[in-house]
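**Student:** Residue numbers (numbering that gives the first Met the number 0), protein chains in the order written: chain A, 0 to 278; chain B, 0 to 301.
Shown below is the structure under consideration.
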Amino acid sequence: MKRRNKLLGRIGVLAVHCVLMAGALVMVMPMLWMLATAFKPAPEIALWPPVFLPQAPTFDNFTGAFETAPFGRFFLNSLFIAGVGTLSVIVTSLVAGTVFAKYRFPGRGLLFGMVIATAIVPFEAYMIPLYLQLVQIEWINTYQGIILPYLFMAFGIFLMRQHVGSAIPGELMEAARVDGAGEWWIMARVIAPLSGNALAAVGIFSFIQGWGIFIWPLLIANDQMLFNMELGLTAFQFRFSADTGKLMAGSVVSTAPMLVVFLLLRRRIIENMALTGIK
Amino acid sequence: MTAARRFLTKRRVLLFCYIALAPVLALFLYVRVIPIGFGVWLSFHKWNLLSPAKPFVGLLNYQLLMEDENFHLALWNTTLYSFSTVILSTAIALPLAVFLARRSRLSAFYQTIYFLPVITPMVPVSIAWKWIYDYNYGILNYGLGLLGIKSVAWLSDPDTALWALVIMGVWKVLGYNMVLFLVGIRNIPAMYLEAASLDGANAWQRFWRVTFPLLRPILLYVLVTSTINAYNVFTQVYVMTLGSQAAPGQAVRMLVFDIYTNGFQFFRFGYAAAEAVTLTLIVLGLTVIQFSLARNDPTREK
């Protein structure tokens, strides 16, 4: 009886692994298929039945894509938009998180509550009025207009408040104060160095988010020179939708930085995303 | 320290607080609080970018919205999409997390794989899926063909277009929900499960009687966040309805897409704002319902 149970258990574990493996295959399939197609010459792409691996791998789709559309420019725009946003999110999260965590001042609860409460309202719900505001100050079709909504992140502020509140002892700050340190100095030299992990988490999320923004640049970037990778790819798809090879090459270029970030920081991303619920 | 100096220090620190917060709060006001309020205000006005007069029209925009067939369609499609995506992704993510809860090298490997779609940008991923769904050369139809199933025009057939989006939506969000459940399961003290074991509970009973009830808060969080996200579906709709072999616009017309069309193709900003306010109210309403359902849980009494 006991042996039979053990055997059944083994079979069960094996079955679970088979299912998990099959599922994993389904999960990576779209990415692998995109990658494989990007390296195929045109005749191989139209092969039926399809052959998974490129038989005569080629870079033509990549060079072709970069020649037909300014993907280099799109790529740099994405880097710039995500990079500036990330820097700003790190600084604003550190400053606001610290002040909300460690200082008492009138209006503190109200202001923090407002930051968190409005975080629930989805961006799509207020993008139109925001667009009209930017029409008024003539920021449509500018880099600053594209970046503006991504300069701070409510969850970043929340995360830093949690971290600074729990991980940094008030005595440390008091000691620095007794030594004559100012509040800014304390923030930069005491709190920031002790918050590396939390700040890195905030930075990673901000970068992933900033890299993938789509609907906002779609609204406010009219000039192709301002397009980020996502918008450039969409425009490219609109004009050359039949050119699957180049489309896949562009998609690979757009995905690659996120894959690199993810594979390097896999564990930290998964754990932090789970703990904070940032998305 | 003298009283005067202490007072000065206190004032200096207070000043620091406000100065430090000022830029963040100004930004916050300008890009979030003001647009939210302005949006509500806008929804009571006839605001056409092309005409200079922007009269107050009361609830007219909302009234028109209730009679608008495109809105009805978008609301229905979005609801169907959201409920299907949320239910499927939760129902798959939970058992997945149970199987992966034991820490091991293999578990970490699976987590990485299942999580991969979460961090990949939506546009390239949508393009890749469009290629997978391709009627003539799509790998999905090839796979189905091997099983003896006839090719399906996944995106251009109005009957399947929405489900094609659901499949991709589940694929994209599955890993995120899985990780949330995983953390919840790992936070359950091992002694609860051991105690249940000693009492003779089998794995099935341990899951339903111990793990699942303790996961309720996380389940609620997963449901709320994925519902909010699903209702705001846009990018994949936009990409998949463009170009050749695209999905027919009406079959996958979703709320944000409808808002975008009203605002940026027809320049009816007041109307689009009313639709956006309605979307927000729907999402908030669903959140409240989910919270109250979680509170009135019959199994919690015992």
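Backbone N, C-alpha and C fix where the C-beta goes; we use that ideal spot for every residue, glycine too.
Tell me which residue opens and which closes the alpha helix (DSSP H) that residue 66 of chain A is part of.
**Tutor:** Position 67 of the first sequence, counting from 1, holds the residue named residue 66 of chain A. Segment 59 to 67, the alpha helix (DSSP H) holding residue 66 of chain A.
**Student:** Which same chain residues, not among the five before or five after residue 148 of chain A, have their C-beta less than 8 angstroms away from its C-beta?
**Tutor:** Position 149 of the first sequence, counting from 1, holds the residue named residue 148 of chain A. Contacts found: 122, 129 and 215.
**Student:** Please go through the segment 162 to 203 of chain A and give each complete alpha helix (DSSP H) segment of 4 or more residues, from N-terminal end onward.
**Tutor:** 169 to 177 and 182 to 185, all fully within the segment 162 to 203 of chain A.
**Student:** Can the beta-carbon of residue 60 of chain A be found less than 9 angstroms from the beta-carbon of residue 231 of chain A?
**Tutor:** What you label residue 60 of chain A is simply residue 61 of the first sequence in a count that begins at 1. What you label residue 231 of chain A is simply residue 232 of the first sequence in a count that begins at 1. No, the Cβ-Cβ distance between residue 60 of chain A and residue 231 of chain A is not below 9 angstroms.
**Student:** Would you mind working out which of B:36, B:60 and B:281 sits nearest residue 47 of chain B, comparing C-alpha positions?
**Tutor:** Walking along the second sequence from the start, residue 47 of chain B turns up at place 48. Of B:36, B:60 and B:281, the residue nearest in Cα terms is B:60.
**Student:** So which residues of chain A does residue 264 of chain B contact, with C-beta pairs closer than 7 angstroms?
**Tutor:** In the second sequence, the residue the question calls residue 264 of chain B occupies position 265. Those do not exist, as residue 264 of chain B stays about 12 angstroms from chain A at its closest Cβ, beyond 7 angstroms.
**Student:** Using the C-alpha atoms, what's the distance from residue 45 of chain B back to residue 39 of chain B?
**Tutor:** For the purposes of this step, residue 39 of chain B is taken as residue 40 along the second sequence, with counting starting at 1. For the purposes of this step, residue 45 of chain B is taken as residue 46 along the second sequence, with counting starting at 1. Roughly 12 angstroms separates the two Cα atoms.
**Student:** Please report how far the alpha carbon of residue 96 of chain A lies from the alpha carbon of residue 156 of chain A, in whole angstroms.
**Tutor:** The sequence position of residue 96 of chain A within the first sequence is 97, counting from 1. The sequence position of residue 156 of chain A within the first sequence is 157, counting from 1. So the two alpha carbons sit approximately 5 angstroms from each other.
**Student:** Kindly indicate which three-state DSSP category residue 55 of chain B falls into: helix, strand or coil?
**Tutor:** In the second sequence, counting from the first residue as 1, residue 55 of chain B sits at position 56. In this structure, residue 55 of chain B counts as strand in the three-state DSSP scheme.
**Student:** Taking 8 angstroms as the cut-off, is the beta-carbon of residue 259 of chain B closer than that to any non-hydrogen atom of the ligand SAH?
**Tutor:** Absence of the ligand SAH from the depicted structure is noted, as is the absence of any ligand whatsoever, leaving it without description.
**Student:** Taking any Cβ of chain A, which residues in the segment 14 to 30 of chain B have a Cβ under 8 angstroms from it, in chain order?
**Tutor:** Correct list: 15, 16, 17, 19, 20, 22, 23, 24, 26, 27, 29 and 30.
**Student:** Would you mind telling me which residues of chain A sit closer than 8 angstroms to residue 238 of chain B, beta carbon to beta carbon, in chain order?
**Tutor:** If you number the second sequence from 1, residue 238 of chain B lands on position 239. By Cβ distance, chain A contributes 233 and 236.
**Student:** Since residue 28 of chain B and residue 100 of chain B should fall inside the 8 angstroms C-beta cutoff, what is the C-beta to C-beta distance between them, to a whole number of angstroms?
**Tutor:** Here residue 28 of chain B refers to the residue found at position 29 of the second sequence. Here residue 100 of chain B refers to the residue found at position 101 of the second sequence. Not a contact, Cβ separation roughly 43 angstroms.
**Student:** Residue range of the alpha helix (DSSP H) that residue 73 of chain A falls in?
**Tutor:** As a position in the first sequence, residue 73 of chain A is number 74, starting the count at 1. It spans 70 to 101 - the alpha helix (DSSP H) in which residue 73 of chain A sits, taken as one unbroken run.
**Student:** Could you pull the start and end residues of the alpha helix (DSSP H) that residue 123 of chain A belongs to?
**Tutor:** Residue 123 of chain A sits at position 124 when you count from the first residue of the first sequence. Here the alpha helix (DSSP H) through residue 123 of chain A covers 122 to 135.
**Student:** Please decide whether residue 113 of chain B counts as near chain A, where near means a Cβ-Cβ distance under 9 angstroms.
**Tutor:** Along the second sequence, one-based indexing puts residue 113 of chain B at 114. It does: the Cβ of residue 113 of chain B has a partner Cβ on chain A nearer than 9 angstroms.
**Student:** If we call anything under 9 angstroms between Cβ atoms a contact, is residue 141 of chain B one with residue 152 of chain B?
**Tutor:** Counting from one through the second sequence, the residue named residue 141 of chain B turns up at place 142. Counting from one through the second sequence, the residue named residue 152 of chain B turns up at place 153. Not a contact, by the Cβ cut-off of 9 angstroms.
**Student:** Which stretch, first to last residue, makes up the alpha helix (DSSP H) that contains residue 242 of chain A?
**Tutor:** Locating residue 242 of chain A in the first sequence gives position 243, where the first residue counts as 1. Unbroken run through residue 242 of chain A: none, as it is neither H nor E.
**Student:** If you draw a straight line from the alpha carbon of residue 178 of chain A to that of residue 184 of chain A, how long is it in whole angstroms?
**Tutor:** Locating residue 178 of chain A in the first sequence gives position 179, where the first residue counts as 1. Locating residue 184 of chain A in the first sequence gives position 185, where the first residue counts as 1. Their Cα atoms are separated by approximately 11 angstroms.
**Student:** Give a yes or no on whether 9 angstroms exceeds the smallest Cβ distance from residue 287 of chain B to chain A.
**Tutor:** On the second sequence, position 288 is the one that residue 287 of chain B refers to. Chain A contact via Cβ: absent.
**Student:** Going along the segment 134 to 157 of chain A in order, which residues come within less than 7 angstroms of chain E, judged by CB to CB distance?
**Tutor:** Absence of chain E from the displayed structure is noted, the protein chains being A and B.
**Student:** Along the segment 242 to 258 of chain A, where does the CB come closer than 8 angstroms to a CB of chain B? Name the residues.
**Tutor:** Cβ contacts with chain B: 243, 246, 247, 249, 250, 251, 253, 254, 257 and 258.
**Student:** Taking just the CA atoms, how far does residue 103 of chain A sit from residue 165 of chain A?
**Tutor:** Mapped onto the first sequence, residue 165 of chain A falls at position 166. Mapped onto the first sequence, residue 103 of chain A falls at position 104. Cα-Cα distance, rounded: 16 angstroms.
**Student:** Can you give me the Cβ contacts of residue 194 of chain B inside the same chain, cut-off strictly under 6 angstroms, excluding the 5 residues immediately before and after it?
**Tutor:** Position 195 of the second sequence, counted from the first residue, corresponds to residue 194 of chain B. Excluding positions up to five away in sequence, the list is empty.
**Student:** Under 7 angstroms Cβ-Cβ, which residues of chain A neighbour residue 138 of chain B?
**Tutor:** To locate residue 138 of chain B, count along the second sequence from 1; it is residue 139. Neighbours of residue 138 of chain B on chain A, chain order: 32 and 49.
**Student:** If you scan the segment 107 to 155 of chain B from start to end, which runs of the alpha helix (DSSP H) of 4 or more residues do you find wholly inside it?
**Tutor:** Taking only runs of at least 4 residues, the alpha helix (DSSP H) segments lying wholly in the segment 107 to 155 of chain B are 121 to 131 and 138 to 145.
**Student:** So, using beta-carbon positions, are residue 283 of chain A and residue 286 of chain B closer together than 9 angstroms?
**Tutor:** No information on residue 283 of chain A is available, as it lies outside the stretch 0 to 278 that chain A covers here.
**Student:** Could you give the DSSP three-state label for residue 47 of chain B: helix, strand or coil?
**Tutor:** Your numbering for residue 47 of chain B matches position 48 in the second sequence. Strand at residue 47 of chain B.
**Student:** Could you please tell me which residues of the segment 168 to 196 of chain B, in chain order, have their CB closer than 8 angstroms to any CB of chain A?
**Tutor:** Answer in chain order: 170, 173, 174, 175, 178, 179, 181 and 182.
**Student:** Is the Cβ of residue 110 of chain B closer than 9 angstroms to any Cβ of chain A?
**Tutor:** Reading the second sequence from its first residue, position 111 is the one you call residue 110 of chain B. So yes, residue 110 of chain B belongs to the interface.
**Student:** Need the endpoints of the alpha helix (DSSP H) that residue 224 of chain B sits in, please.
**Tutor:** Within the second sequence, residue 224 of chain B is the residue found at index 225, counting from 1. Where residue 224 of chain B is concerned, the enclosing alpha helix (DSSP H) stretches over 215 to 230.
**Student:** Are there 16 or more other CB atoms within 10 angstroms of the CB of residue 4 of chain B, so buried, or fewer, so exposed?
**Tutor:** Counted from its first residue, the second sequence places residue 4 of chain B at position 5. When all chains shown are included, residue 4 of chain B counts as exposed.
**Student:** How far does the alpha helix (DSSP H) with residue 203 of chain B in it extend, from its first residue to its last?
**Tutor:** Within the second sequence, numbered from 1, the residue matching residue 203 of chain B stands at position 204. 202 to 205 is the span of the alpha helix (DSSP H), which, as asked, contains residue 203 of chain B.
**Student:** Tell me whether the beta-carbon of residue 63 of chain A lies closer than 9 angstroms to the beta-carbon of residue 222 of chain A.
**Tutor:** The count along the first sequence starts at 1 and reaches residue 63 of chain A at position 64. The count along the first sequence starts at 1 and reaches residue 222 of chain A at position 223. No, the Cβ-Cβ distance between residue 63 of chain A and residue 222 of chain A is not below 9 angstroms.
**Student:** Establish whether the CB of residue 240 of chain A and some CB of chain B are separated by less than 9 angstroms.
**Tutor:** Along the first sequence, one-based indexing puts residue 240 of chain A at 241. Yes, contact with chain B.
**Student:** Less than 8 angstroms between C-beta atoms, sequence neighbours within five positions excluded: which residues of the same chain meet that for residue 71 of chain A?
**Tutor:** On the first sequence, residue 71 of chain A is found 72 positions in, with the first residue counted as 1. For residue 71 of chain A, where only same-chain residues beyond five positions count, the Cβ hits under 8 angstroms are 65.
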